[in-house]
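Asker: What the sequence shown shows, in the UniProt record's numbering, is residues 6 to 291, in sequence order.
I have a structure here, written as structure tokens, and I will follow up with some questions on it.
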Amino acid sequence: HEPNLQEIHDFLVELAKKAGEMALAANPSTLTTDSKKNSSDLVTETDQAIEKMVYTALKAKYVNYEFLGEETYQPGMKLTDAPTFICDPIDGTINFVHGFPNVCISLGFTLRKKPVVGVIYNPFQHRMFTAIRGRGAYLNLTTRLPLKAFPEPLMGLTSALVAVEWGSDRSGRNWDTKYKTFRRLAGSAEDGGAMVHSLRCMGSAALNFCAVAAGYVDAYWEGGCWAWDVAAGWIILEEAGGIVVDANPGNWEPTVDGRKYLAIRAAPSGQKEIIEELWSNVVGTY
Ligand code: IPD
């Protein structure tokens, strides 16, 4: 039988609050942090402890559901059609170890590879973003997203506030694509740029999705994200009337190459044109 999405949502909200308490109680330091593949890919004891807590609680209650988590991911694991919980115990780990308060736990639930429940909680700023497929997206469970009741039209890139991320891939083709894209987005017309209002690099993919869902950022582009960075944010943004353009439509396994995401906020009109403008002329391909 079909999973009870409201019940799953409520359980994920409770787990996110518990995770938030763990993050607030931790005392992370840049000195005691391990790096994974390089100095910008960090993991702390708190990332691991939160994922363990979340995994244990979910496996006890939802015995037959799958689980995909950042800290327990092994190469070769695939997202399947089965009901799956997707967990990023701390999104924004670099912010976390520096005490920069843009940090969250991101919990998603997918059915047939589509995100249907998302819960993203930033305990440092007491902000919880949630959504259930077909039932809207909310800030702190009561305020409907987007925050602007009548979203302004997206007029074009020159009046957009755009989130991007440095990410942890900073070599070779990935790096080349990234900095060329930043240059094209931010630079003036005489330098071949779109001269957006400005770029923001806030250090959490999940919270970037929430910013676009809330409407205080117009678009977010990143290449190199993993399923746990985007699953919960994806449904929150869609339920807020925004759009996610995926480099691999319908196939966003963490293992596939070319994981690029472009998120666009809700707007009464003109979304498609903006997406096309961004995607084809400005944003590079990996
Ligand atoms: C990272 C953050 C970062 C983004 C990376 C993510 P983590 O997640 O969201 O902003 O640029 O792509 O991997 O490692 O802090 O969970």
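Yeah, the Cβ is synthetic: ideal placement off N, Cα and C, and Gly gets one too.
Please report how far the alpha carbon of G208 lies from the alpha carbon of T186, in whole angstroms.
Answerer: Approximately 17 Å between the Cα atoms of the pair.
Asker: How far does the alpha helix (DSSP H) with W233 in it reach, from first residue to last?
Answerer: Counting along the chain, the alpha helix (DSSP H) containing W233 begins and ends at A232 to E244.
Asker: Determine the burial state of T89: buried for a count of at least 16 other Cβ atoms within 10 Å of its Cβ, exposed for fewer.
Answerer: The residue is buried, with at least 16 neighbouring Cβ atoms inside 10 Å.
Asker: Could you tell me which residues DSSP pairs with A224 in its beta bridges?
Answerer: Bridge partners of A224: V167 and I269.
Asker: Just the C-alpha distance for R188 and G198, rounded to the nearest angstrom, thanks.
Answerer: Each residue's alpha carbon lies about 7 Å from the other.
Asker: For K66, which residues from the same chain have a beta carbon less than 7 Å from its beta carbon, with the 5 sequence-adjacent residues on both sides left out?
Answerer: Cβ within range, chain order: F16.
Asker: Where does M200 fall in DSSP's three states?
Answerer: DSSP places M200 in coil when its eight states are reduced to three.
Asker: Any idea if K183 is buried or exposed, counting beta-carbon neighbours within 10 angstroms, 16 or more meaning buried?
Answerer: Buried, by the Cβ-count rule.
Asker: For D196, verify whether its CB is less than 6 Å away from any heavy atom of the ligand IPD.
Answerer: No, the Cβ of D196 stays beyond 6 Å of every heavy atom of the ligand IPD.
Asker: Note down the Cα distance separating F114 from T98, rounded to an integer number of angstroms.
Answerer: Using only the alpha carbons, I get a separation of about 22 Å.
Asker: Starting from Y184 and walking both ways along the alpha helix (DSSP H), at which residues does that stretch end?
Answerer: Start and end: G177 to A191.
Asker: Could you check what DSSP says for T115 in three-state terms: helix, strand or coil?
Answerer: Note: T115 maps to strand in three-state DSSP.
Asker: Using 10 angstroms around the beta-carbon of F134, count the other beta-carbons present and answer buried if the total reaches 16, otherwise exposed.
Answerer: Result: buried.
Asker: Compute the Euclidean distance between the alpha carbons of D39 and E50, then round it to the nearest angstrom.
Answerer: Using only the alpha carbons, I get a separation of about 9 Å.
Asker: Please confirm whether G228 has its beta-carbon closer than 7 Å to some beta-carbon of chain D.
Answerer: Structure shown: chain D not included; a single protein chain is present.
Asker: Compute the minimum distance between the beta carbon of D93 and the heavy atoms of the ligand IPD, and state whether it is under 6 Å.
Answerer: True, at least one ligand heavy atom lies under 6 Å from that Cβ.
Asker: Start and end of the beta strand (DSSP E) containing E71?
Answerer: It spans E71 to G74 - the beta strand (DSSP E) in which E71 sits, taken as one unbroken run.
Asker: With burial defined as no fewer than 16 other Cβ atoms inside 10 Å of the residue's Cβ, what is the status of K265: buried or exposed?
Answerer: Buried, by the Cβ-count rule.
Asker: Scan the segment 37-67 and note each continuous beta strand (DSSP E) run of 3 residues or more that stays entirely inside, going in chain order.
Answerer: Within the segment 37-67, no complete beta strand (DSSP E) run reaches 3 residues.
Asker: Determine the DSSP secondary structure at F101, reduced to helix, strand or coil.
Answerer: If DSSP states are grouped into helix, strand and coil, F101 belongs with the helices.
Asker: Counting pairs of beta carbons, one from the segment 49-63 and one from the segment 145-160, are three or more of them closer than 8 Å?
Answerer: Result no; under three Cβ-Cβ pairs closer than 8 Å.
Asker: Could you check where the beta strand (DSSP E) with L144 kicks off and where it finishes?
Answerer: Element bounds for L144: A142 to L144.
Asker: Quick one: what's I91 bridged to in DSSP?
Answerer: For I91, which the question treats as bridged, DSSP gives the partners L73 and G113.
Asker: Counting Cβ pairs, one atom from each stretch, are 3 or more of them under 8 Å apart for the segment 129-146 and the segment 213-221?
Answerer: Result yes; three or more Cβ-Cβ pairs closer than 8 Å.
Asker: Please list, in chain order, all residues of the same chain as T163 whose beta carbon is under 8 Å from its beta carbon, the five residues on each side excluded.
Answerer: Correct list, in chain order: A199, M200, V201 and H202.
Asker: What does a CB cutoff of less than 7 Å around residue 2 pick up in its chain, not counting 5 residues either side in sequence?
Answerer: Residue 2 lies beyond the residue range present for the chain, which begins at 6 and ends at 291; the question has no answer from this structure.
Asker: If you check the beta carbons only, do E71 and D93 fall under 7 Å apart?
Answerer: Result no, Cβ atoms of E71 and D93 do not sit closer than 7 Å.
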